[in-house]
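Participant:
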Amino acid sequence: MKDNTAASAMRPFVVKSLAILAVVAIILLLPQIFQTRFAQSLLNQIGIAVIFALSYNMLLGQGGMLSFGHAVFYGLGGFMAIHTLKMVNNGVVPIPTELVPLIGGAFSCIFGLIFGLISTRRAAIPFALITLGIGELIASCALIFPSFFGGEEGVSANRWTDVTLSPLNFGRAGEVYLLIAAWMLVCVFLMYLLTRTPLGRMANAVRDNPERARFIGYNPHMVRTIQFSLSAFFAGIAGSLFAINFEIITAHALGMMASADVLMMTYIGGVGHFFGPILGAVLVTFLQLVLANITHAWLLYFGLLFMCMVLWAPNGISGLIMLHEPVWKAGLFKKLLPSYGRALVPGLVLFLGVIILVEINYHLSLSTNPESPMSLFGIEISAQSAPPWIASLLLMTVGFLFFRKAAFQVRDAWDEVTRRMRKGEH
Amino acid sequence: MLEFILLSCINTLIYGLLLFMLSSGLTLIFGLMNVLNFAHASFYMLGAYFAYEVSTHIGFWPALVFAPLGVGLVGIFIERYGLRSVHKYGHVAELLFTFGVFYVVNELVILIWGRNPVAYKIPEMLDFTLMSAMGTEFSAYRAFMLLISVSMFAVLFFAITRTRLGLIIQAALTHPDMVGSLGHNVPLVFMYVFGGGAALAGLAGVIGGNYLITEPAMALNLGPIVFVVVVVGGMGSLTGAFVASLLIAALQTFAVGFEVSLSDLLALWGVSAPDAGGFFHDLLRIEISHTRGMMPYLFMVLMLVFKPKGLMGTREE
Amino acid sequence: MLEVRDLNAYYGRSHILQGVHLRVDRGEIVSLLGRNGVGRSTTCKAIMGMVSPRGSVRFQEKEIAGLKPHAIARRGVGYVPEDRAIFPRLTVLQNLELGLKKKGQKGRWTIEDVFQLFPRLGERTHVLGGFISGGEQQMLTMCRTLVGDPDFIMIDEPTEGLAPKMVEQVSMLIQEIARSGISVLLVEQKLTIALRISHRLYVMGRGEIVFEGTRDEFEADTSVRREWLEV
Amino acid sequence: MPETILSLKGIHKNFGESEIITGVDLDVFRGERHAIIGPNGAGKSTLFNLVSGLYPVSEGRMELKGHDITKLAPHRINRRGLSRSFQTTNIFPKMSVFENIRCALLWPMGFGHSFWHLCERKKALNDRSRMVLEQIGMADRALMPAGALSYADQRFLEIGITIAGGAEIILLDEPTAGMSRHEIERTVNFIREVTEGKTLVIVEHDMGVVFDLADRISVLVYGQIIATDSPEAIKKNEKVREAYLGKEAV
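Residue numbers (the working numbering), protein chains in the order written: chain A, 0 to 425; chain B, 308 to 624; chain C, 8 to 238; chain D, 63 to 312.
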């Protein structure tokens with residue numbers, strides 16, 4: 000009996016360890032599978048984005064703090080890292096490249112503590128405003144302290160040094176990937192553990208009910224401040240890796256738009272589950288790099304996707320996935336599929352209509368010669384003729400009408416499934 | 308010197324009233340619906356672009372009427388079909404939604420009008436020097452801006468304190484549920500207020516867009532400053548917003564005139580700045596005029612440290 | 008006049024009302040009694056549409072469950088909440104004016120009637136609502152709802168925190184309201200007034216009605232009292 | 063002479079124009095169960111909010127175990143050994159029942175803001191959390207989100223959070239609000255059990271509970287304490303009968 004329980008207690012542990020090992024192995028093998036320059040660069044940026052998004056979720060998801068200035072810590076860490084690299088280049092200090100992110104992180108952490116003390120007295124809306132203000136403050140500082148922020152052209156350094164701990168010297172992108180992957184694994188692991196510490200738990204408690212937290216001995220302001228500065232630490236590491244990866248960093252890295260990016264990335268992935276921001280970082284970085292090559296309108300699509308999430312899926316992609324978990328376990332998932340299928344087709348039609356409309360408009364407003372024909376899905380069309388406009392509006396209308404109908408069917412299917420699951424429980 | 312002060316005072320007044328035109332709508336919406344509308348500066352931008360479009364086709368005067376109306380309609384649409392449905396997810400979701408609107412409007416403006424500034428010009432009729440005193444020229448358009456903003460506030464004040472709708476709004480500021488159970492349609496009132504706030508911001512865009520510049524970055528440039536006004540003035544306080552608007556306008560306008568740096572100050576004391584490079588070199592060389600951009604934010608942070616409720620704020624946690 | 012059947016309401020996931028039923032006839036004063044937190048106020052709010060109800064609320068033969076509060080108010084339901092909800096930045100007169108559904112509305116009670124009945128309010132028409140005493144606030148909030156000409160009015164804990172003399176005035180006003188043909192649902196914790204002025208009583212416990220009956224039936228059934236009301 | 067653990071001297075509180083508490087003097091003795099009763103709107107909850115630090119007092123002085131706590135923030139007062147519950151349920155709704163209790167134990171067990179300990183690894187912490195769960199009879203619902211509990215269970219959890227940390231003095235604000243007679247009996251027994259050897263201050267409407275539990279009773283009317291005495295003496299007190307129970311006192 001006793002052995003039995005011990006064995007069953009061991010099993011999840013073994014499964015977990017194997018899963019972790021598998022993930023590590025896959026991450027290390029990825030550059031071997033995708034060997035193009037583009038893939039290399041994409042993988043590096045995904046690794047950085049994962050750390051950044053997770054650090055952001057320490058605020059929004061775990062602490063209930065909506066920040067509009069998180070990139071400040073990303074940028075400060077990055078600038079510190081690039082200056083450190085420069086000093087290594089000049090032989091001032093011998094700091095191994097592997098440890099540079101630690102310096103960037105620590106630098107951000109100190110600023111996180113200072114700004115955290117100022118901004119976390121209250122959460123939600125006032126906090127959001129204050130972070131926005133601090134973000135703008137630092138961004139405007141960037142212009143008047145050129146010796147640190149490098150003015151318009153930023154600061155650059157050379158990551159290729161002999162001062163390293165490992166046999167790598169980080170000349171090639173592949174080697175940088177190893178550095179980023181290692182830091183990513185460590186950071187993800189640490190941030191996961193943080194959610195299970197007293198501080199992590201109290202961050203949740205303060206998010207849910209700050210008033211009550213005060214009556215079990217905690218000062219919400221202090222809990223938020225510590226959580227805030229730790230989050231700044233990880234953002235600083237992400238920023239340092241960015242600096243190492245690109246060997247240059249400009250004031251854009253700490254501006255409002257960079258803060259907006261990480262906010263939207265995290266939210267699209269979903270703030271309610273630990274893995275949500277990871278999904279968001281991977282997906283958004285991928286789309287960003289791939290779509291930005293294809294269309295100028297990437298940012299518009301990104302914004303629309305974000306708004307759709309806020310309106311209809313406030314728990315993000317991870318929330319949508321986890322919504323289906325109990326359905327899957329109850330074996331009822333196939334009940335939902337037909338209605339999903341019926342929603343997919345008109346959804347795609349609607350989407351196609353939107354794309355055509357956006358693309359012809361972009362062509363008209365941005366291209367040097369609006370009269371020149373443009374190519375859309377490999378078809379040559381003229382943006383100034385009527386057919387594409389009519390086609391787009393038609394597709395949008397038809398798609399919208401049928402999609403709405405299908406949405407009701409999806410809802411009915413869900414009602415049916417929930418009813419069955421309730422019955423199953425009793 | 309006197310000339311500089313006079314000029315700066317006028318600029319402060321114009322810029323300050325423009326800021327207040329934006330922040331009054333924002334504060335009112337915040338006080339009433341507890342929604343901090345991130346997209347408020349986008350309405351300002353839309354106002355300018357709509358006015359540009361209307362004034363190139365019909366003329367400036369129709370634009371002065373139709374552009375704010377158009378922006379108001381956009382606002383009503385956003386409230387009715389967007390904001391109202393995210394309301395159930397809470398204030399953070401509402402803020403995120405308006406942030407999404409801000410982002411998408413920015414991209415849509417680029418999509419329709421391109422990335423470069425458009426040629427939205429001051430109407431010729433008002434493009435002359437009204438008077439000049441002590442070498443300072445005071446253009447007719449500035450007088451016009453002052454006139455529009457001041458009369459708009461008179462109307463706004465009258466509407467809020469004298470009309471029935473205004474009474475309902477004031478009552479709903481403290482007890483929205485009670486107003487509803489007395490038979491007044493509160494969601495509809497919210498929608499009107501949101502639309503009205505948007506139209507107000509739109510009007511600011513109409514008269515500010517040609518005075519300043521009409522470009523896709525204008526929302527991003529002015530938006531955060533409007534938030535600073537709301538924070539400094541105290542969230543939800545109209546009077547606070549008014550004082551803060553003028554204060555921040557003064558801060559930014561007067562800063563331009565002082566090309567004094569720390570090293571100049573040290574020189575006054577007979578200390579010459581060490582000629583070392585680096586961070587301290589930067590610090591010593593900063594002229595007050597360079598800090599124009601960061602002044603409002605610095606002010607806000609200081610305010611938060613020493614008086615977190617804002618100038619006239621009544622709300623506590 | 009008002010018939011509530013199987014009314015359920017939730018706050019978040021907690022089930023506050025669990026199948027409440029009650030009836031108020033024309034011209035009646037009905038009391039809803041119960042301890043703090045059993046769901047009396049929630050019942051009122053659910054009838055008024057301020058918390059979304061599940062179940063049936065029929066008012067003057069028409070279903071009103073699921074309507075918005077203002078629509079329900081326009082059908083002739085009035086609600087005087089427990090916290091009085093005087094608009095503090097408006098004057099006494101402005102408070103009353105907002106009670107009118109339309110400008111110049113004339114019903115069973117006009118603003119002039121109110122001032123005649125309570126000269127104290129008439130003297131203070133231009134004082135801000137936040138600066139009058141608790142008793143005056145209670146009068147004002149009831150009158151504010153009355154001038155909107157409801158056919159049925161719910162009054163939540165009108166005597167709470169009032170001096171004995173004020174309590175007397177409030178109970179007189181409630182009887183006056185009933186005499187003018189308006190049905191009253193009085194929500195109370197204390198028995199004193201409720202027993203004296205109401206025709207029928209309901210007792211609530213933990214989200215459901217545990218007793219209904221006339222005054223005499225209530226007086227006879229001491230077990231209900233002991234279990235659900237007092238001491 | 064019993065030892066005074068909590069002492070209020072000349073407490074006043076006004077919100078703008080209206081004065082809610084108009085001079086309260088009260089001594090609570092170590093180890094006693096002290097009930098505060100009074101009509102609705104007398105200021106009982108306000109008094110709790112003052113003592114626990116939620117509102118700043120306008121005038122007067124409060125001492126806990128001889129230390130001045132008048133100007134302390136709620137968490138500081140809590141750390142000195144005073145814990146309170148709320149009249150309206152006030153829990154952490156998105157977290158599990160177990161997590162609710164465990165959070166309430168973190169500070170008293172010395173974990174502070176630490177981010178280098180893992181909660182799962184702390185045996186003493188988890189054992190004590192489970193013990194409190196057993197005490198409030200919710201061990202079988204430990205993993206449910208607290209917001210999904212029934213109303214009565216949320217009330218029990220509320221009390222559970224309040225007593226978990228083992229504070230010396232416990233303030234309960236209408237713990238039996240909205241409960242049936244049966245549940246009230248269960249709650250009274252439960253309160254008696256968990257506050258054994260501690261000081262209890264309780265605001266309560268239900269006279270049965272009050273006379274059942276309390277060693278001493280204070281009557282608060284219109285922001286003032288008109289009497290503090292043993293239950294028997296309070297029952298007989300003419301002033302109390304007149305001001306509070308009314309002529310029809312049952």
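Where is the CB? At the ideal position from N, CA and C, for every residue including glycine.
The structure presented is a predicted model; accordingly, all values stated were derived computationally and were not measured.
Using a Cβ-Cβ cutoff of 7 Å, what residues of the segment 419–431 of chain B are near chain C? List them in chain order.
Facilitator: none
Participant: Could you compute how far the alpha carbon of Phe399 (chain A) sits from the alpha carbon of Leu351 (chain A)?
Facilitator: Against the first sequence, residue 399 (chain A) aligns to sequence position 400. Against the first sequence, residue 351 (chain A) aligns to sequence position 352. If you take the alpha carbons of Phe399 (chain A) and Leu351 (chain A), they lie about 11 Å apart.
Participant: So, does the segment 179–189 of chain C touch the segment 140–157 of chain C, judging by three or more C-beta pairs under 8 Å?
Facilitator: Verdict: yes, contact present.
Participant: Return no unless some Cβ of chain B is closer than 8 Å to the Cβ of Arg81 (chain C).
Facilitator: Stepping through the third sequence from its first residue, residue 81 (chain C) is reached at position 74. True, the Cβ-Cβ gap to chain B drops below 8 Å.
Participant: Is the shortest distance between the beta-carbon of Tyr359 (chain B) and the beta-carbons of chain A less than 8 Å?
Facilitator: On the second sequence, residue 359 (chain B) is found 52 positions in, with the first residue counted as 1. With 8 Å as the cut-off, Tyr359 (chain B) does not count as an interface residue toward chain A.
Participant: Taking the beta carbon of Trp169 (chain D) as the centre, do at least 16 other beta carbons fall within 10 Å, making it buried, or is it exposed?
Facilitator: To locate residue 169 (chain D), count along the fourth sequence from 1; it is residue 107. Counting Cβ neighbours within 10 Å, Trp169 (chain D) comes out buried, since at least 16 surround it.
Participant: For the alpha helix (DSSP H) that Thr224 (chain D) lies in, which residues bound it at each end?
Facilitator: In the fourth sequence, residue 224 (chain D) corresponds to position 162, counting from 1. Unbroken alpha helix (DSSP H) run through Thr224 (chain D): 213–226.
Participant: Does the CB of Asn140 (chain D) have a neighbour CB from chain C at under 8 Å?
Facilitator: Taking the first residue of the fourth sequence as 1, we reach residue 140 (chain D) at position 78. Answer no: the Cβ-Cβ gap between Asn140 (chain D) and chain C never drops below 8 Å.
Participant: Determine the burial state of Cys307 (chain A): buried for a count of at least 16 other Cβ atoms within 10 Å of its Cβ, exposed for fewer.
Facilitator: Position 308 of the first sequence, counted from the first residue, corresponds to residue 307 (chain A). By the neighbour-count rule (16 or more Cβ atoms within 10 Å), Cys307 (chain A) is not buried but exposed.
Participant: So, using beta-carbon positions, are Ile288 (chain D) and Val302 (chain D) closer together than 8 Å?
Facilitator: One-based indexing of the fourth sequence puts residue 288 (chain D) at position 226. One-based indexing of the fourth sequence puts residue 302 (chain D) at position 240. A contact, by the Cβ cut-off of 8 Å.
Participant: Taking the Cβ atom as the reference point for each residue, do Arg164 (chain D) and Ser191 (chain D) lie within a distance shorter than 8 Å?
Facilitator: For this step, residue 164 (chain D) is matched to residue 102 along the fourth sequence. For this step, residue 191 (chain D) is matched to residue 129 along the fourth sequence. A contact, by the Cβ cut-off of 8 Å.
Participant: Do the segment 255–268 of chain A and the segment 16–32 of chain A meet, that is, are 3 or more Cβ pairs less than 8 Å apart?
Facilitator: no
Participant: I think Ser38 (chain C) touches Asp163 (chain C), with their Cβ atoms under 8 Å apart; what is that distance to the nearest whole Å?
Facilitator: Working through the third sequence from its first residue, we reach residue 38 (chain C) at position 31. Working through the third sequence from its first residue, we reach residue 163 (chain C) at position 156. So it is not a contact: roughly 12 Å between Cβ atoms.
Participant: Identify the residues that DSSP records as bridge partners of Phe445 (chain B): which are they?
Facilitator: In the second sequence, the residue the question calls residue 445 (chain B) occupies position 138. Bridge partners of Phe445 (chain B): B:Met438.
Participant: Which ranges would you report for the alpha helix (DSSP H) in the segment 165–194 of chain D if only whole runs of at least 4 residues count?
Facilitator: none
Participant: Going along chain D, which residues have a C-beta under 9 Å from Ile130 (chain A)?
Facilitator: Sequence index remark: in the first sequence, residue 130 (chain A) carries index 131 (1-based). Going by the sequence as given, residue 130 (chain A) is Thr instead of Ile. Per Cβ cutoff of 9 Å: no residues; Thr130 (chain A) is ~21 Å from chain D at best.
Participant: Which same chain residues, not among the five before or five after Met124 (chain D), have their C-beta less than 8 Å away from its C-beta?
Facilitator: In the fourth sequence, counting from the first residue as 1, residue 124 (chain D) sits at position 62. The residues are Leu68, Ser69, Leu70, Lys71, Ile73, Leu112, Val113, Asp130, Ile131, Thr132.
Participant: According to DSSP, is Glu154 (chain A) helix, strand or coil?
Facilitator: Taking the first sequence and counting its residues from 1, one reaches residue 154 (chain A) at position 155. Before going further, note that residue 154 (chain A) is Val rather than Glu in the sequence given. If DSSP states are grouped into helix, strand and coil, Val154 (chain A) belongs with the strands.
Participant: Please list the terminal residues of the continuous alpha helix (DSSP H) segment that includes Leu221 (chain C).
Facilitator: As a working note, residue 221 (chain C) is residue 214 in the third sequence. Note that residue 221 (chain C) is Thr in the sequence shown, not Leu. Taken as a continuous stretch (DSSP letters only), Thr221 (chain C) belongs to no alpha helix (DSSP H), being part of the beta strand (DSSP E) at 215–221.
Participant: Please determine, among D:Pro118, D:Ala226, D:Thr290, D:Ile153, the residue with the shortest C-alpha to C-alpha distance to Arg95 (chain D).
Facilitator: As a position in the fourth sequence, residue 95 (chain D) is number 33, starting the count at 1. It is D:Thr290 whose Cα lies nearest to the Cα of Arg95 (chain D).
Participant: What is the rounded straight-line gap between the Cα of Leu177 (chain A) and the Cα of Trp420 (chain B)?
Facilitator: If you number the first sequence from 1, residue 177 (chain A) lands on position 178. If you number the second sequence from 1, residue 420 (chain B) lands on position 113. Going by the C-alpha atoms only, they are around 44 Å apart.
Participant: At which residues does the beta strand (DSSP E) containing Asn140 (chain D) begin and terminate?
Facilitator: Indexing the fourth sequence from 1 puts residue 140 (chain D) at position 78. Note, Asn140 (chain D): premise wrong, no beta strand (DSSP E); alpha helix (DSSP H) at 136–141.
Participant: I need the straight-line Cα distance from Lys614 (chain B) to Gly132 (chain A), nearest angstrom please.
Facilitator: As a first step, residue 614 (chain B) is located in the second sequence; it is residue number 307 there, counting from the start. As a first step, residue 132 (chain A) is located in the first sequence; it is residue number 133 there, counting from the start. Their backbone Cα atoms lie some 16 Å apart in a straight line.
Participant: Given this structure, state the Cα-to-Cα distance separating Ser147 (chain D) from Leu116 (chain D), to the nearest angstrom.
Facilitator: What you label residue 147 (chain D) is simply residue 85 of the fourth sequence in a count that begins at 1. What you label residue 116 (chain D) is simply residue 54 of the fourth sequence in a count that begins at 1. About 12 Å.
Participant: In the DSSP output, which residue or residues are listed as bridge partners for Thr290 (chain D)?
Facilitator: Here residue 290 (chain D) refers to the residue found at position 228 when the fourth sequence is read from its first residue. For Thr290 (chain D), the pairing in a beta bridge is given by DSSP as D:Ser280.
Participant: For Phe154 (chain D), which residues in chain A fall below 7 Å Cβ to Cβ?
Facilitator: For the purposes of this step, residue 154 (chain D) is taken as the residue at position 92 of the fourth sequence. Those within 7 Å of Phe154 (chain D) in chain A are Ala204, Asp207, Asn208, Arg211.
Participant: In three-state DSSP terms, what is Ala74 (chain D)?
Facilitator: On the fourth sequence, position 12 is the one that residue 74 (chain D) refers to. In the sequence on display, residue 74 (chain D) carries His and not Ala. Three-state result, His74 (chain D): strand.
Participant: Counting only Cβ-Cβ distances shorter than 7 Å, please list the residues of the segment 90–103 of chain C near chain B, keeping chain order.
Facilitator: Ala92, Phe94, Pro95, Arg96, Leu97, Gln101
Participant: Looking at Asp32 (chain C) and Met8 (chain C), is the spacing between their C-beta atoms short of 8 Å?
Facilitator: Your numbering for residue 8 (chain C) matches position 1 in the third sequence. Your numbering for residue 32 (chain C) matches position 25 in the third sequence. Cβ atoms of Met8 (chain C) and Asp32 (chain C): closer than 8 Å.
Participant: Does any residue of chain A have a CB that is nearer than 8 Å to the CB of Tyr410 (chain B)?
Facilitator: The sequence position of residue 410 (chain B) within the second sequence is 103, counting from 1. Taking Cβ atoms only, chain A reaches closer than 8 Å to Tyr410 (chain B), which makes this a yes.
Participant: Check Ala311 (chain D) in the structure and name its three-state DSSP category.
Facilitator: Reading the fourth sequence from its first residue, position 249 is the one you call residue 311 (chain D). Because the pLDDT of Ala311 (chain D) is 36, which lies under 50, any placement of that residue in the model is unreliable, and the number read from its coordinates should be weighed accordingly. Reduced to three states, the DSSP call for Ala311 (chain D) is coil.
Participant: Taking only the alpha-carbon atoms, compute the straight-line gap between Ile355 (chain A) and Glu379 (chain A) and give it to the nearest angstrom.
Facilitator: Taking the first residue of the first sequence as 1, we reach residue 355 (chain A) at position 356. Taking the first residue of the first sequence as 1, we reach residue 379 (chain A) at position 380. Approximately 12 Å, taken between the alpha carbons.
Participant: Thinking just about the alpha-carbon of each residue, which of D:Ala201, D:Arg278, D:Ile98 is nearest to the one in Glu236 (chain D)?
Facilitator: Numbered from its first residue, the fourth sequence carries residue 236 (chain D) at position 174. Of D:Ala201, D:Arg278, D:Ile98, the smallest CA-CA separation from Glu236 (chain D) is found for D:Ile98.
Participant: Using C-beta distances below 6 Å, list every residue in its chain close to Gly437 (chain A), excluding the 5 sequence neighbours before and after it, in chain order.
Facilitator: Because chain A spans 0 through 425 in this model, residue 437 (chain A) falls outside it and cannot be assessed.
Participant: In chain order, what residues of the same chain have a beta carbon less than 7 Å from the beta carbon of Ala551 (chain B), not counting five sequence neighbours either side?
Facilitator: For the purposes of this step, residue 551 (chain B) is taken as residue 244 along the second sequence, with counting starting at 1. The beta carbon of Ala551 (chain B) sits closer than 7 Å to the beta carbons of Val536, Val539, Gly540, Leu618 from its chain, once the five residues preceding and following it are set aside; these are given in chain order.
Participant: Within the same chain, show all residues whose beta-carbon is closer than 6 Å to that of Ala342 (chain A), passing over the 5 residues directly before and after it, in chain order.
Facilitator: In the first sequence, the residue the question calls residue 342 (chain A) occupies position 343. For Ala342 (chain A), where only same-chain residues beyond five positions count, the Cβ hits under 6 Å are Ala405, Val409.
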